[in-house]
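Residue numbers (the working numbering), protein chains in the order written: chain Y, 2 to 213; chain F, 2 to 213.
What follows is a set of notes on a single structure, which appears directly below.
Protein chains: 2
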Amino acid sequence: MKKLPKSASIPTLRRLPKYLHFLQKLQSTDEKFISATKIANEFGIEPILVRKDLSTTGIVGKPKIGFELERLIKSINEFLNWHSVQNAVIVGVGGLGKAIMGYVGFQDYGLNIVAAFDSDKTLIGKKIKDVQVFPINELPEIVKSNEATIGVITVPATSAQFICDVLVGSGIKGIWNFAPRALKVNNDVILENAQLSQSLAVLTHKMVTKNS
Amino acid sequence: MKKLPKSASIPTLRRLPKYLHFLQKLQSTDEKFISATKIANEFGIEPILVRKDLSTTGIVGKPKIGFELERLIKSINEFLNWHSVQNAVIVGVGGLGKAIMGYVGFQDYGLNIVAAFDSDKTLIGKKIKDVQVFPINELPEIVKSNEATIGVITVPATSAQFICDVLVGSGIKGIWNFAPRALKVNNDVILENAQLSQSLAVLTHKMVTKNS
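This is the structure in structure tokens:
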């Protein structure tokens, strides 16, 4: 594996997927090169910010020409570790769980959901987009046999910490939490909260301050 | 309406809902007061950061006692504008759209989804969690008659900008975009991207750098 910088800022990590979508769109055109300024214009941000973000991935642009499109896409994908496939399991096959399982886009980002789990007996054995639903007590064995590294939590808040502990105890190294509950994990586990309420907070607060 | 500060930082806005969930949990206990240190311990962050975040909402704590629980919850809710109800419409009744419509939690945050829209004729007239699905061409009238201010976009990337333009043209002031596409809006419209891929990027990149 290529040597990676130790860390990137959260805002940079959040902007990189946006650039990537834009660059992938450009692949269907005749453009072979792209400048940081053009990317910056697309998103209404400063070119210097784009240059900083892109250089974080290790790529170096050419003066007056910019970046080779294919190389830039490869550089961002590698930096985000989206070029390799990571096996994941998802716990909680409610509305949000089903939506995530049905979102084919995640496969482009290297997220391969190999199994789903739920406590609802009527769901066990069913398949959602080719992914089978298993009872929770089979989780440890299935995580190990599939070498799954990511656990997606889409259960109600009250059971989130319990499920998190089961996942980590089974060897999961990254938790992607959608439950509206603060979770505790050991230092060797990465926890990322994808709580929609946080995004809603940014929207509603900005709407108020804009009108005051 | 209480005079609000002009703006808060995005990280602060993202932490406030987490504090709120924690504080609401405490309401079912006997605790009447809470210190910034205790909140900080719950989330493994620095107390000074929590104090800064809370003071942004306009509340002042008492030395050695901390914050009155009820007043603190009220202060955060008011700051995020979650104490008042805002009518919203959602466009795109696929898996993610249905999940969002079914997530009752948003009502606690003042998001009241009054109507859904989809181009799929088989969905028109159906109700999902008491919210009816209408054809897109009825959107402008329904937005106006309900005084809806927020538009939630859960359509595929290819139609996201078109739907965004329809929403803004109908008077929508805040766009909550779940489509993986950069959208353009006028300066007087607030755009918040809730792209799940951004959150996934933070997780997968951190997992790599942790193990390198």
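Note that the Cβ used here is the ideal one computed from N, Cα and C, for glycine as well.
The model shown is predicted, which means the values in this text are computed figures rather than measured ones.
- Task: Classify Leu168(Y) as helix, strand or coil using the three-state DSSP reduction.
- Result: helix
- Task: Could you please tell me which residues of the stretch 19–41 of chain Y, in chain order, have their CB closer than 8 Å to any CB of chain F?
- Result: Lys19, His22 and Phe23
- Message: Taking 8 Å as the threshold (beta carbon to beta carbon), is Gly172(F) in contact with chain Y?
- Response: no
- Comparing the C-beta of Gln196(Y) with each C-beta of chain F, is any distance below 8 Å? yes
- Would you call the stretch 87–100 of chain F and the stretch 112–122 of chain F touching, i.e. three or more CB-CB distances under 8 Å? yes
- Are three or more beta carbon pairs between the stretch 54–67 of chain Y and the stretch 25–45 of chain Y nearer than 8 Å? yes
- Inspect the CB distances between the stretch 36–56 of chain F and the stretch 16–26 of chain F and report whether three or more fall short of 8 Å. yes
- Item | Test item: CB-CB of Ile164(F) and Val156(F) under 8 Å | yes
- So with Cβ pairs under 8 Å, would you call Val209(F) a contact of chain Y? yes
- Can you find a CB in chain F that lies within less than 8 Å of the CB of Gln87(Y)? yes
- Please look up how many angstroms separate the CB atoms of Ile191(Y) and Leu204(F), rounded, as I've assumed it's under 8 Å. 6 Å
- Message: Comparing C-alpha positions only, which one of Phe80(Y), Arg72(Y), Val51(Y) and Glu71(Y) sits nearest to Thr254(Y)?
- Response: Here chain Y has residues from 2 to 213 only, and residue 254(Y) is not among them.
- Message: Less than 8 Å between CB atoms is the rule here; does Leu214(F) satisfy it with respect to chain Y?
- Response: For residue 214(F) there is no data in the structure shown, the boundaries of chain F being 2 and 213.
- Message: If you reduce the DSSP assignment to three classes, tell me which class Glu32(Y) lands in.
- Response: coil
- Message: Taking the straight line between their C-alpha atoms, what separation do you get for Lys185(F) and Gln162(F)?
- Response: 7 Å
- Message: Check whether chain F comes within 8 Å of Phe107(Y), counting only Cβ atoms and requiring the distance to be less than that.
- Response: yes
- Item | Buried/exposed call for Asp189(Y), threshold 16 Cβ in 10 Å | exposed
- Item | Listed by chain order, chain Y residues near Ala117(F) by CB distance under 7 Å | Here the premise fails: no neighbours, minimum Cβ distance about 14 Å.
- Task: With Val144(F) as the anchor, note down where its beta strand (DSSP E) starts and where it stops.
- Result: Taken as a continuous stretch (DSSP letters only), Val144(F) belongs to no beta strand (DSSP E), being part of the alpha helix (DSSP H) at Leu140 to Ser146.
- Query: With distances taken from CA atoms, which of Ser76(F), Gly96(F), Asn78(F) and Pro12(F) is nearest Ile154(F)?
  - Reply: Gly96(F)
- Task: Can you pull the chain F residues whose beta carbon is under 9 Å from the beta carbon of Lys99(Y), in chain order?
- Result: Gly96, Lys99 and Ala100
- Of all the residues that make up the stretch 112–139 of chain Y, which are near chain F by a beta-carbon distance shorter than 8 Å? Leu112
- Task: Measure the Cβ-Cβ separation of Ile129(Y) and Met102(Y) and say whether it is below 8 Å.
- Result: yes
- Burial state of Ser56(F) (16 or more Cβ within 10 Å): exposed
- Query: Of all Cβ atoms in chain Y, is any one closer than 8 Å to the Cβ of Gln76(F)?
  - Reply: It should be noted that the sequence gives Ser, not Gln, for residue 76(F). Not one chain Y Cβ lies under 8 Å of Ser76(F).
- Task: Determine the closest residue to Val94(F) out of Lys122(F), Val61(F), Ile74(F) and Thr210(F), with distance taken between C-alpha atoms.
- Result: Lys122(F)
- Message: Counting only C-beta atoms, is Ser8(Y) closer than 8 Å to chain F at any point?
- Response: yes
- Query: Could one say the Cβ of Thr205(F) lies closer than 8 Å to chain Y's Cβ atoms, at least one of them?
  - Reply: yes
- Task: Give the straight-line distance between the Cα atoms of Lys3(Y) and Thr150(Y), rounded to the nearest whole angstrom.
- Result: Below a pLDDT of 50, predicted positions are generally treated as unreliable, and Lys3(Y), at 45, falls in that range; the measurement from the model is reported next regardless. Near 20 Å, if we compare the C-alpha coordinates of Thr150(Y) and Lys3(Y).
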